[in-house]
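The numbering of the sequence shown is the working numbering, which starts it at 1 and goes up by one. The block underneath contains the structure these notes are about, expressed in structure tokens.
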Amino acid sequence: MTSLTITTVATKPFDGQKPGTSGLRKPVHTFMGSNYSENFIQCILNAAEDKDTLVVGGDGRYHNTHVVQTIVAMCAANQVRRVIVGQSGILSTPAVSAVIRKRQTNGGIILTASHNPGGPDGDFGIKFNTSNGGPAPESVTNHIYELSKSLTQYKIVNNLKVDVSRVGVQTFDVSDNKFTVEVIDSVEDYLQLMKEIFDFNAIKSYLSSRSLKILIDAMNGVMGPYVKRILISELGAPSESAIRCSPLEDFGGHHPDPNLTYAADLVQRLESGEYGFGAAFDGDGDRNMILGKNAFFVTPSDSLAVLADHLDCIPYFQKGGIKGFARSMPTAGAVDRVALKTNKEIFETPTGWKFFGNLMDAQRLSLCGEESFGTGSDHIREKDGLWAVLAWLSVLANTRKGVEEILVNHWNRFGRNFFTRYDYENCETKPSNELMTELEKLLSGPDFVGKTFRSGDKEYTVSVADNFSYKDPIDGSLTTNQGIRLIFSDGSRIIYRLSGTGSQGATIRLYVDCYENEKSLKLRADAQEVLKPLIDIALQISKLREYTGRDAPTVIT
Ligand code: VG1
Ligand code: CO
């Protein structure tokens, strides 16, 4: 074997290589610019303390295959001894986490912009996960960003090409050192983990009894192969139960985002009443949307609470027990009520999965979620879309009840947390920042707490007004500026945040929630109606229409 040589390439820093809520996301054409991806990858490799073995894979979007080769060639030049790559460069985000943990690697690099559109005019993204399988904490991402500001060179083995189409081990001689690339089946490790967690026989026999017809939408993202292998081959669901299962580089031109707007086709098909359960995933497979018969929508905040209340029907929790629960701050507090009843700890973290990892590593957290269609447990360190579907199927198989009935029972027992989120995507950056600054000024004024706002016949008195910050209970690190909160005396909340995953302009997220119990007899009401007075107040206080020029949000959840 001839020895390959390492090339050192001179480069200049790029502005703005700052990872956001989840990795660095930019338009594909930015990542395709000369040295742009290489710079960022070099900063990851420089920041990684241990890098003997790394995992690499992505959601199959446009430019994925190219960057996989770049990463392998740069790993070879940067003292990485072994790289594990998903076949054809494909690995879902939860699968990367599972592979890192199972094979005890030093971490992994995930190529995805998650729910952002793909294709030549879409977005691309690069994310770094550490050895616990979770997104790098802020101390690491800040370090990467600092390095990116002064990078002068990167290292690469130019003529190293790996054949990612076949599973197996390939070795290379790089400057007289052995460098190994192992191409693995994209689904296998993840499938084995799911088999350890769930009772596959119970789910299989429930599905085969035909008492439940399901429809699962992979939205042409990375989940296609996982859905086919796990739900169809292993669990015996009929093949027509899965739609849009071919990963496409541009997701068929759609937003691979499982919500009522971007998964409208699935919602429509569920409305026919033919299916008892429907679900969709995002581009990289970590998000899930759950629907019941007639497209009954389960809010992610409720989904989390229902699962928390039913964990004992899942073998993983029967064996390991249930530690605490957690939710991100904007997520409605339905799970808090389950925690209270079951006497478990409950944590409220900033937006982004990276904040759950420490709690899980410290054995304080079993189940957590975010209102943004993220649900997961401590089986890995990422949210996990298919895990959530298998957890729901376990609950359905165990209770023999429909999705809506389960939710109504839940509300009857715990009361209901009404929730909605308005997204104003792609607004202009300057006025959006101004909106937040002005809002913060307003609420820190001396008379703001105690002030009463009215809308229609409703009245709300402010009891807390702040910008959310979080002190990690495990390592003590402080994260500030995580969203402006107004909490009223009846527990209702209005929250304003700027998104940290967009690739251009600003996305303003407005979250509104309130709680009603059986005494108010409103449990089956429409969330938009119940929340209308609060939404009006939220728009009025923030002058959102004036700042953004938008009459309506892009997406309502
Ligand atoms: C959004 C969601 C957040 C989620 C993040 C990554 O972040 O709000 O809850 O963790 O996306 O999800 P932001 O900063 O845009 O609000 V994924 O599936 O896009 O990696
Ligand atoms: Co995602």
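Even for Gly, the Cβ is constructed at its ideal location relative to N, Cα and C.
For F297, DSSP records a beta bridge to L291.
Leaving aside the five residues that flank W353 on each side, the residues in its chain whose CB is nearer than 8 Å to its CB run, in chain order, S22, G134, P135, D286, E370, G374, G376, R381, E382 and K383. Excluding the 5 residues flanking it on each side, I537 has same chain C-beta neighbours closer than 6 Å at F453 and S455, in chain order.
Separation of the CB atoms of I110 and T70 is rounded to 14 Å, and the pair is thereby denied contact status at 8 Å.
In this structure, the CA atom of L486 is about 5 Å from the CA atom of A465.
For the 8 Å CB-CB criterion, V267 and V164 do not form a contact.
Taking M194 as reference, the option from S175, S208, Y226 and I184 with the minimal CA-CA separation is Y226. Judged by DSSP in its simplified three-state form, A202 adopts helix. Distances from the alpha-carbon of T2 to those of A391, K178, F297 and D513 put K178 closest. Ranked by how close their Cα comes to the Cα of G107, the residues P120, S241, N132 and P117 have N132 in first place. Per the DSSP secondary-structure output, T461 pairs in a beta bridge with T452. For L207, the three-state secondary structure derived from DSSP is helix. In the three-state reduction of the DSSP assignment, I556 falls in the strand class, which pools E and B. For the pair of segments examined, the stretch 205–218 was found not to touch the stretch 116–129: the number of CB pairs separated by less than 8 Å stays below three. Taken through DSSP and simplified to helix, strand or coil, E249 comes out as coil. Take N35, set aside five residues on each side of it, and the residues of its chain with a beta-carbon closer than 7 Å to its own are T11, in chain order. Set against 7 Å, the gap from the CB of S97 to the closest heavy atom of the ligand CO is not smaller. With fewer than 16 neighbouring CB atoms inside 10 Å of its own CB, K161 falls in the exposed class. Within the stretch 82–120, the complete alpha helix (DSSP H) runs of at least 4 residues fall at 93–102. Counting of Cβ neighbours within 10 angstroms places E434 among the exposed residues, the total staying below 16.
In this structure T349 is buried. Its beta-carbon is surrounded by 16 or more other beta-carbon atoms within 10 angstroms.
A straight line joining the alpha-carbon of Y275 with that of K344 spans about 35 Å. V227: not part of any alpha helix (DSSP H); DSSP gives it neither H nor E. Close CB contacts of N39 within its chain, under the 8 Å cut and outside five residues either way in sequence, are with T11, P13, F14, Q17, S148, L151 and Y154 (chain order). Three or more beta-carbon pairs drawn from the stretch 218–238 and the stretch 247–263 are found closer than 8 Å, and the two stretches are therefore classed as touching.
Under DSSP, E271 forms no beta bridge with any residue. Setting aside the 5 residues that flank it on each side, T331 is surrounded in the same chain by S301, E370 and E371, each with a C-beta closer than 6 Å to its C-beta; the list follows chain order. R101 and F297 have their C-alpha atoms roughly 33 Å apart. Here the C-alpha atom of N64 lies approximately 32 Å from the C-alpha atom of L304.
The Cβ-Cβ distance between I406 and V389 does not fall below 8 Å. Assigned with DSSP and collapsed to three states, F373 falls in coil, not helix or strand.
A distance below 8 Å between beta-carbons, with the five flanking residues on each side excluded, links P446 to no residue of its chain.
Within the same chain, Cβ atoms closer than 7 Å to the Cβ of G505 are found at N426, C427, E428 and T429, the five residues on either side in sequence being excluded.
Per DSSP, the unbroken beta strand (DSSP E) holding E182 starts and ends at N177 to I184. A direct Cα-to-Cα measurement between A280 and L534 gives close to 29 Å.
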